[in-house]
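From first to last, the protein sequence lines stand for chains A and B.
Per the numbering used here, the first sequence starts with residue 1, numbered consecutively.
Per the numbering used here, the second sequence starts with residue 1001, numbered consecutively.
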Amino acid sequence: KNQVEQSPQSLIILEGKNCTLQCNYTVSPFSNLRWYKQDTGRGPVSLTIMTFSENTKSNGRYTATLDADTKQSSLHITASQLSDSASYICVVSAIRVASGTYKYIFGTGTRLKVLA
Amino acid sequence: GAVVSQHPSWVICKSGTSVKIECRSLDFQATTMFWYRQFPKQSLMLMATSNEGSKATYEQGVEKDKFLINHASLTLSTLTVTSAHPEDSSFYICSARVVGAITGELFFGEGSRLTVL
């Protein structure tokens, strides 16, 4: 069964600290993995997208890693800011080879709160 | 990146009325759009997949007669909540996939908050 699990469910850190969010998946056949940031009451915004062959990708203070062997990904946030307070969602896509269409499996998200 | 626009951002309606939410891809064509529902402090729940020129594919447990989806063009999909009731109050989000994108990149709208009184 295709599943995406994220941990922790919620996290509180102090401004300026680093943190790492985890995403474990059992999705096949794997196409790519995305991390999205969703502010409260807004739509998700893409942070990174990683394909099978990519191990690390950075976007400013956000660095995502992917281990396709263990089917794990992490999102590391450096020097956190108050504006980083949001939900972070891991989305893994599987491609249906016969039709060439994609199926997207959403994680339950990690709610991050950054305190001053 | 590509822009997906949703309208309205928020709507309040009386019980029993119908509400239409629009999802537009502003600078790209999208053969496939997705509609989600999100409850407070929960992740997005896929409701249906909307394909241009054909009937939408609904997820299990989603009433197709309750949530009417129309995808009449490559840039517009609409979700109509018919005979809305208070339990339909929720945050509705759409996403669109770029035509021909190898990676199947998804772009999300800003969401529409529906409150049914």
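In this text, a Cβ means the ideal position worked out from N, Cα and C, and glycines have one as well.
**Request:** Anything in the segment 1018-1032 of chain B with a Cβ closer than 7 Å to a Cβ of chain A? List those residues in chain order, please.
**Result:** none
**Asked** Where do the N-terminal and C-terminal ends of the beta strand (DSSP E) with A/Val45 fall, by residue?
**Response** Position 45 of the first sequence, counting from 1, holds the residue named residue 45 of chain A. Note, A/Val45: beta strand (DSSP E), Val45 to Thr51.
**Request:** Scan the segment 37-59 of chain A for residues whose Cβ lies nearer than 8 Å to a Cβ of chain B and list them as they occur along the chain.
**Result:** Gly41, Arg42, Gly43, Pro44, Val45, Ser46, Ile49 and Thr51
**Item:** Beta-carbon spacing of A/Thr48, A/Asn55 below 8 Å
**Value:** Here the question's residue 48 of chain A lines up with position 48 in the first sequence. Here the question's residue 55 of chain A lines up with position 55 in the first sequence. No; because the gap between Cβ atoms is not below 8 Å, this pair is not in contact.
**CB contact check: A/Tyr104 to chain B, cutoff 8 Å** = Taking the first residue of the first sequence as position 1, residue 104 of chain A is located at position 104. Output row for A/Tyr104: interface = yes.
**Asked** Going along the chain, which residues of its own chain have a beta-carbon closer than 6 Å to the beta-carbon of B/Tyr1058, five neighbours each way excluded?
**Response** By one-based count along the second sequence, residue 1058 of chain B stands at place 58. The answer, listed in chain order, is Ala1048 and Lys1064.
**Prompt:** When the Cα atoms are used, what is the spatial distance from B/Ser1050 to A/Ser87?
**Reply:** As a working note, residue 1050 of chain B is residue 50 in the second sequence. As a working note, residue 87 of chain A is residue 87 in the first sequence. The straight-line gap from Cα to Cα measures roughly 26 Å.
**Contact under 8 Å by Cβ, B/Tyr1092 with B/Leu1114** = As a working note, residue 1092 of chain B is residue 92 in the second sequence. As a working note, residue 1114 of chain B is residue 114 in the second sequence. Contact: yes.
**Request:** Using a Cβ cut-off of 8 Å (strictly closer), state whether B/Glu1052 contacts chain A.
**Result:** For the purposes of this step, residue 1052 of chain B is identified with residue 52 of the second sequence, where counting begins at 1. Closer than 8 Å: no.
**Message:** Give me, in chain order, the residues of the same chain whose beta-carbon lies closer than 8 Å to that of A/Met50; leave out the 5 immediate sequence neighbours on both sides.
**Reply:** Within the first sequence, numbered from 1, the residue matching residue 50 of chain A stands at position 50. Excluding positions up to five away in sequence, the list reads Asn32, Leu33, Arg34, Lys57, Ala64, Leu66 and Ser73.
**Message:** Run through chain A and tell me which residues come within less than 7 Å of B/Gly1109, C-beta to C-beta.
**Reply:** Numbered from its first residue, the second sequence carries residue 1109 of chain B at position 109. Near B/Gly1109 (Cβ distances below 7 Å), the residues of chain A are Gly43.
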